[in-house]
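These notes concern the structure reproduced below.
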Amino acid sequence: MKLIYKIILLGGITGLLNADIAVGQSLRGLVNEGVDLYKNNKYPDAEVNFRKGIEKTFETFEGHFNLGDALYKQGKYEEAIDSYKNAIALTDDDYKRSKVMHNVGNALLKSNKIKESVEAYKNSLRLDPNDPETKYNLSYALNMLKNDKNQENKNKNQDQNKDQNKDKQQDKQDQNNQDQQKKDEQQNKDQQQDQQQDQQQKQQQKPKEEISKEDAQRILEALKQNEADLQKELRKRKAKVSKKEKDW
Numbered sequence: 051m052k053l054i055y056k057i058i059l060l061g062g063i064t065g066l067l068n069a070d071i072a073v074g075q076s077l078r079g080l081v082n083e084g085v086d087l088y089k090n091n092k093y094p095d096a097e098v099n100f101r102k103g104i105e106k107t108f109e110t111f112e113g114h115f116n117l118g119d120a121l122y123k124q125g126k127y128e129e130a131i132d133s134y135k136n137a138i139a140l141t142d143d144d145y146k147r148s149k150v151m152h153n154v155g156n157a158l159l160k161s162n163k164i165k166e167s168v169e170a171y172k173n174s175l176r177l178d179p180n181d182p183e184t185k186y187n188l189s190y191a192l193n194m195l196k197n198d199k200n201q202e203n204k205n206k207n208q209d210q211n212k213d214q215n216k217d218k219q220q221d222k223q224d225q226n227n228q229d230q231q232k233k234d235e236q237q238n239k240d241q242q243q244d245q246q247q248d249q250q251q252k253q254q255q256k257p258k259e260e261i262s263k264e265d266a267q268r269i270l271e272a273l274k275q276n277e278a279d280l281q282k283e284l285r286k287r288k289a290k291v292s293k294k295e296k297d298w
């Protein structure tokens with residue numbers, strides 16, 4: 051489907067000016083020259099002529115309409131829309147207003163303002179319901195709007211899927227971190243137990259401390275003294291036994 055844009059140039063200004071013949075002829079020359087420049091694709095030069103015409107006549111529907119067309123052809127869509135709106139304000143003719151709204155719809159569509167262009171085409175058809183080009187362009191814009199919504203929904207679904215995948219990956223990472231933490235804690239616990247067992251084994255295997263010579267000497271003397279005391283006690287007992295035997 052290819053967009054149809056219908057640009058209408060209005061060269062005649064008869065009956066729209068209350069000026070003398072000389073001024074009227076000069077203005078007509080500017081307008082006609084601007085139209086010729088436009089037809090020869092010299093849009094910047096045509097814009098200059100149309101602006102001069104507007105300056106001479108102050109405000110005319112045809113001047114703003116033609117200026118809007120020249121701006122449109124240069125890709126100056128916002129400026130073109132402003133000129134078209136100025137033209138609409140200067141006429142009560144439904145046919146003319148419908149053509150202006152058609153071009154407004156084109157400029158909006160070129161600016162990728164699809165929803166606004168749909169409304170402009172609808173307004174044009176309200177003024178001229180039988181215009182085939184406007185019907186076609188409205189259908190074209192509605193189709194673009196539908197495709198944009200479908201693409202928007204598709205992008206939204208893709209973003210949701212990305213978010214879900216991201217959440218799943220994060221959950222998996224969190225689980226892995228928890229598992230690793232538990233593993234590290236168990237390893238630390240096992241390591242502590244091993245260290246405790248090693249310490250106990252070392253303590254059990256640790257040789258008894260050697261006593262000093264002084265302590266050994268004291269112990270030996272104590273043993274000797276004990277032995278001497280024991281011998282002394284035994285001799286006493288033996289003497290008592292012998293005495294009893296003599297008494298008999």
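Count along the sequence shown starting at 1, add 50, and that's the number in the working numbering. Every residue gets a Cβ at the ideal spot worked out from N, C-alpha and C, and that includes glycine. As the structure is a computational prediction, the values presented were derived from the model and not from experiment.
Contact annotation, H152 with A137: C-beta distance approximately 12 Å; criterion of less than 8 Å not satisfied. Taking the CA atoms as reference points, Q210 sits about 48 Å from D144. The alpha-carbon of Q237 is positioned some 10 Å away from that of D244. Sequence-distant Cβ neighbours of E83 in its own chain, meaning closer than 6 Å and more than five residues away, are N99.
A direct Cα-to-Cα measurement between S262 and I269 gives close to 11 Å. Here A191 is near I164, since their CB atoms are less than 8 Å apart. In this structure Y186 does not touch A157 by the C-beta definition: roughly 17 Å separates them, more than the 8 Å allowed. When DSSP states are grouped into helix, strand and coil, G79 belongs to the helix group. For the alpha helix (DSSP H) assignment, the uninterrupted runs of no fewer than 4 residues enclosed by the stretch 103 to 138 are, from N- to C-terminal side, 111 to 123, 127 to 138. Note that the C-beta distance between S148 and L159 is not below 8 Å. Taking every protein chain shown into account, the CB of L273 has fewer than 16 other CB atoms within 10 angstroms, so this residue is exposed.
Where K165 is concerned, the enclosing alpha helix (DSSP H) starts and stops at 164 to 177. Per DSSP, the continuous alpha helix (DSSP H) segment holding L158 begins and ends at 144 to 160. The straight-line gap separating the alpha-carbon atoms of Q208 and N226 is approximately 26 Å. Rounded to the nearest angstrom, the gap between the Cα atoms of D95 and Y88 is 8 Å.
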